[in-house]
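The sequence shown maps to residues 353 to 845 in the working numbering. C-beta atoms are modelled at their ideal positions from N, C-alpha and C, and glycine is treated no differently. Have a look at the structure below, then the notes.
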Amino acid sequence: MAPSTTRDVLAATAAAHPGREAYVHGDRRVTYAELERMSMGTAATLIGLGVGRHDVVVLMLPSGIDFAAWYLGALRIGATTSAINQRLGDPERASILRRTTPVVTIAADPTAIPADAPSGTVLTPAAFAEAYATAGVEEPALEPGDPACIVWTSGTTGDPKGAVYDHARLAAISRNMGELTSEGDRRLVSLPFAHVGYMTRIWDELAHATTLVLTGEPWSPAETLRLLRDERITVGTGVPTQWELVLAHPDLAITDCSALRICGIGGSAVAPDLVRRMRETLGCPVMNRYTSTEAGVTTGTRLGDPDDVVAETVGRPAPGLELRLVADDRDVAPGEVGEIVVRSPMVMAGYWHDPDLTATVLDPEGWLRTGDLGRLDDRGDLRIVGRLKEMYIRGGYNVYPAEVEHVLADHPGVGRVAVVGVPAPVIGEVGVAFVVPADPAEPPSLEALRSWCHDRIADYKAPDRLRIVEGLPVTSMMKVDKRALAARAEEDS
């Protein structure tokens with residue numbers, strides 16, 4: 353009988369692979385048999401504290417084995433887990449706690465709980481060992497439609513929005529992960545656990561008896577290379593900047609990467625040269641994937657795709673997903689830019705207790721408006737050109753920052769880049785490129801970057817201004833904070 357809830361998947365994997373490592377984090381290791389026992393203890397502890405089916409448990413924990421044990425304990429009893437990213441500020445944490453009114457909050461640091469926010473019973477790490485040793489108790493019957501988790505957006509445009517996923521949606525995501533997952537993988541993880549990339553992938557990781565190896569904080573290329581070698585990593589994941597630093601590190605020359613089956617890349621503009629060097633140096637295929645907090649799984653490149661396809665597109669829709677590009681309430685013609693609209697069993701159930709907000713992005717027929725803009729090329733691969741809210745109009749022409757970033761990212765003098773639009777007299781808006789140079793001693797000039805763009809895209813898309821910076825600000829979800837950059841650009845005007 354196929355498993356119908358995450359609890360069933362964990363039980364099946366613990367029985368089939370009791371000695372296989374589930375998590376490796378620093379000096380701590382836990383097998384699947386141990387993880388199941390820990391989750392039984394956390395489940396019993398939560399029941400003892402009055403947590404019932406559909407109640408909310410909030411995790412204010414760093415990524416790691418403790419996070420996994422409490423998340424799985426909550427899933428065992430039909431509770432809904434709301435994880436709060438460690439990087440969120442007091443107002444954002446308070447907003448989430450007020451909207452979820454948890455029965456229990458599990459906090460690494462109880463002083464991080466805003467004083468005026470409801471938190472229920474607060475558990476700290478001092479109670480973890482006793483919880484893990486607690487004997488299991490009778491657990492309630494569960495349904496696939498029970499809410500499993502609330503995944504919060506990063507809150508750059510107001511209060512974070514909470515996307516709700518149930519067990520059935522977690523199962524659908526697992527069925528559509530494709531080539532990025534395989535039985536017995538050892539996956540290197542640098543994303544925070546309070547992220548759609550972990551919260552909604554837990555079914556898939558359990559189902560494939562995956563070992564998650566955490567890079568730790570702060571992230572470093574030396575530690576990443578050590579883990580690739582010593583932990584025999586089969587799936588490497590990271591953003592372009594991380595892979596650039598890995599490839600440039602001297603330890604690469606003494607690192608055996610032969611266990612790598614595949615590497616995933618994404619999160620910002622990717623240079624084709626980086627993809628080529630990753631393939632050649634790491635000796636494995638590279639894939640680029642795209643999704644959003646609300647969409648679960650959307651598109652991805654395939655094994656064997658050329659370097660330029662992996663770098664410049666996010667591939668084709670997952671098998672279980674329908675995709676449309678829409679502008680002015682109509683489907684656009686092939687090659688035209690439109691908002692990416694998707695429908696699938698992986699899409700969120702809705703925003704937590706907010707039907708009005710849900711209705712602004714999810715229609716009655718199940719179509720989700722992502723807010724991202726893209727176009728399909730001749731191969732049917734999706735090219736992301738920007739966010740609907742980030743598009744700017746220069747002299748009557750629409751400019752999509754992601755498209756410009758992809759071009760600039762391939763310039764040899766550019767390490768990282770982000771483009772924003774700012775108001776300008778007469779012409780309406782202009783583009784400002786924030787560039788982290790590949791070599792700080794020789795930053796590229798605006799003229800050089802504009803010339804580079806003119807040879808590759810329409811002249812009006814080339815940036816009008818250049819800001820050389822040491823780094824790009826990021827949100828709590830590790831995405832470039834365009835809102836902060838736009839404010840900085842306007843101040844500099």
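Does the distance from the CB of residue 542 to the CB of residue 618 come in under 8 Å?
Working through the sequence shown from its first residue, we reach residue 542 at position 190. Working through the sequence shown from its first residue, we reach residue 618 at position 266. Cβ atoms of residue 542 and residue 618: not closer than 8 Å.
Near residue 509, what residues of its chain come up, given a Cβ to Cβ distance below 8 Å and the 5 sequence neighbours on each side ignored?
Counting from 1 along the sequence shown, the entry for residue 509 is found at position 157. Low per-residue confidence applies at residue 509: pLDDT is 49, beneath 50, and the placement is therefore not dependable enough to give any value.
Would you identify the three-state DSSP class for residue 471, choosing helix, strand or coil?
Taking the first residue of the sequence shown as position 1, residue 471 is located at position 119. Correct three-state label for residue 471: coil.
When you compare only the Cα positions, how much space is there between residue 363 and residue 429?
The residue you call residue 363 lines up with position 11 of the sequence shown. The residue you call residue 429 lines up with position 77 of the sequence shown. For residue 363 and residue 429, the distance between alpha carbons rounds to 14 Å.
For residue 789, the residue or residues it bridges with in DSSP:
Position 437 of the sequence shown holds residue 789. Beta-bridge pairing links residue 789 to 766.
First and last residue of the uninterrupted beta strand (DSSP E) at residue 819:
Mapped onto the sequence shown, residue 819 falls at position 467. 817–820 is the extent of the beta strand (DSSP E) around residue 819.
Keeping to the same chain, check which residues put their C-beta closer than 8 Å to that of residue 496; ignore five residues upstream and five downstream.
One-based indexing of the sequence shown puts residue 496 at position 144. Excluding positions up to five away in sequence, the list reads 356, 357, 518, 519, 520 and 523.
Per DSSP, residue 377 forms a beta bridge with which residues?
Stepping through the sequence shown from its first residue, residue 377 is reached at position 25. 380.
First and last residue of the alpha helix (DSSP H) that includes residue 434?
Residue mapping note: residue 434 aligns to position 82 of the sequence shown, counting from 1. Careful: residue 434 lies outside any alpha helix (DSSP H), inside the beta strand (DSSP E) at 432–435.
Below 8 Å between beta carbons: does that hold for residue 728 and residue 689?
As a working note, residue 728 is residue 376 in the sequence shown. As a working note, residue 689 is residue 337 in the sequence shown. Cβ atoms of residue 728 and residue 689: not closer than 8 Å.
Measure the C-alpha to C-alpha separation of residue 772 and residue 443 and round it to an integer number of angstroms.
By one-based count along the sequence shown, residue 772 stands at place 420. By one-based count along the sequence shown, residue 443 stands at place 91. Rounded to the nearest angstrom, the two C-alpha atoms are 26 Å apart.
With DSSP as the reference, label residue 509 as helix, strand or coil.
What you label residue 509 is simply residue 157 of the sequence shown in a count that begins at 1. Per-residue confidence for residue 509 stands at a pLDDT of 49, beneath the threshold of 50, marking its modelled position as unreliable; the derived number appears in the next sentence. In the structure shown, residue 509 sits in coil (DSSP, three-state: anything other than H, G, I, E or B).
Got a sec, what are the start and stop residues for the alpha helix (DSSP H) residue 518 sits in?
Looking up residue 518 in the sequence shown gives position 166. From DSSP, residue 518 is part of no alpha helix (DSSP H) but of the beta strand (DSSP E) over 514–518.
According to DSSP, residues forming a beta bridge with residue 342:
No information on residue 342 is available, as it lies outside the stretch 353 to 845 that the chain covers here.
Other residues of its chain near residue 406: CB distance less than 8 Å, five sequence neighbours each side excluded:
Numbered from its first residue, the sequence shown carries residue 406 at position 54. Here the set comprises 430, 431, 432, 498 and 499.
Could you check what DSSP says for residue 388 in three-state terms: helix, strand or coil?
On the sequence shown, residue 388 is found 36 positions in, with the first residue counted as 1. Note: residue 388 maps to helix in three-state DSSP.
Where the beta strand (DSSP E) containing residue 540 begins and where it ends:
Looking up residue 540 in the sequence shown gives position 188. Taken as a continuous stretch (DSSP letters only), the beta strand (DSSP E) holding residue 540 covers 538–541.
For residue 605, the three-state DSSP class (helix, strand or coil)
Stepping through the sequence shown from its first residue, residue 605 is reached at position 253. It is helical.
DSSP three-state label for residue 809, please.
Residue mapping note: residue 809 aligns to position 457 of the sequence shown, counting from 1. Residue 809 falls in the coil class under three-state DSSP.
Could you tell me which residues DSSP puts in a beta bridge with residue 528?
Here residue 528 is taken as the residue at index 176 of the sequence shown, counted from 1. Bridge partners of residue 528: none, in fact.
Cα-Cα separation, residue 838 to residue 472:
For the purposes of this step, residue 838 is taken as the residue at position 486 of the sequence shown. For the purposes of this step, residue 472 is taken as the residue at position 120 of the sequence shown. Distance between the alpha carbons of residue 838 and residue 472 is about 39 Å.
Would you identify the three-state DSSP class for residue 676, choosing helix, strand or coil?
As a first step, residue 676 is located in the sequence shown; it is residue number 324 there, counting from the start. It is a strand residue.
Please report how far the alpha carbon of residue 548 lies from the alpha carbon of residue 503, in whole angstroms.
Here residue 548 refers to the residue found at position 196 of the sequence shown. Here residue 503 refers to the residue found at position 151 of the sequence shown. Roughly 6 Å between the two C-alpha positions.
May I ask which residues mark the beginning and end of the beta strand (DSSP E) holding residue 575?
Taking the sequence shown and counting its residues from 1, one reaches residue 575 at position 223. Element bounds for residue 575: not the beta strand (DSSP E) but the alpha helix (DSSP H), 573–582.
Is residue 645 near residue 515, with beta carbons less than 8 Å apart?
For this step, residue 645 is matched to residue 293 along the sequence shown. For this step, residue 515 is matched to residue 163 along the sequence shown. Yes. Within cutoff.
Can you say whether residue 461 is buried or exposed, counting buried as having 16 or more other CB atoms within 10 angstroms of its CB?
To locate residue 461, count along the sequence shown from 1; it is residue 109. Residue 461 should be labelled exposed.
Expected contact under 8 Å - CB spacing of residue 455 and residue 401 to nearest Å
Walking along the sequence shown from the start, residue 455 turns up at place 103. Walking along the sequence shown from the start, residue 401 turns up at place 49. Confirmed, Cβ separation roughly 7 Å.
Can you tell which of 718, 415, 782 and 535 has its C-alpha closest to the C-alpha of residue 748?
Indexing the sequence shown from 1 puts residue 748 at position 396. Among 718, 415, 782 and 535, the Cα nearest to that of residue 748 belongs to 782.
Between the segment 705–718 and the segment 648–662, do three or more beta carbon pairs fall short of 8 Å?
no
Return the chain-ordered list of same chain residues with a C-beta closer than 7 Å to the C-beta of residue 483, the five sequence neighbours on each side being excluded.
Residue 483 sits at position 131 when you count from the first residue of the sequence shown. Around residue 483: 393, 394 and 397.
Element boundaries [alpha helix (DSSP H), containing residue 499]:
In the sequence shown, the residue the question calls residue 499 occupies position 147. Where residue 499 is concerned, there is no enclosing alpha helix (DSSP H), although the beta strand (DSSP E) it sits in stretches over 499–504.
Near residue 532, which residues of its chain fall below 8 Å by C-beta distance, leaving aside the five closest residues on each side in sequence?
Residue mapping note: residue 532 aligns to position 180 of the sequence shown, counting from 1. Closer than 8 Å at Cβ, skipping near neighbours: 587, 614, 616, 639, 641 and 652.
Segment contact flag, the segment 598–615 with the segment 623–636, C-beta cutoff 8 Å, min 3 pairs
yes
Residue 425 - containing alpha helix (DSSP H), residue span:
Translated into positions along the sequence shown, residue 425 becomes position 73. That run of the alpha helix (DSSP H) goes 417–428.
By alpha-carbon positions, which one of 584, 793 and 576 ends up nearest to residue 597?
Along the sequence shown, one-based indexing puts residue 597 at 245. The shortest C-alpha separation from residue 597 is found at 576.
Opposing strand residues paired with residue 616 [DSSP bridges]
Position 264 of the sequence shown, counted from the start, is the residue given in the question as residue 616. Bridge partners of residue 616: 589 and 639.
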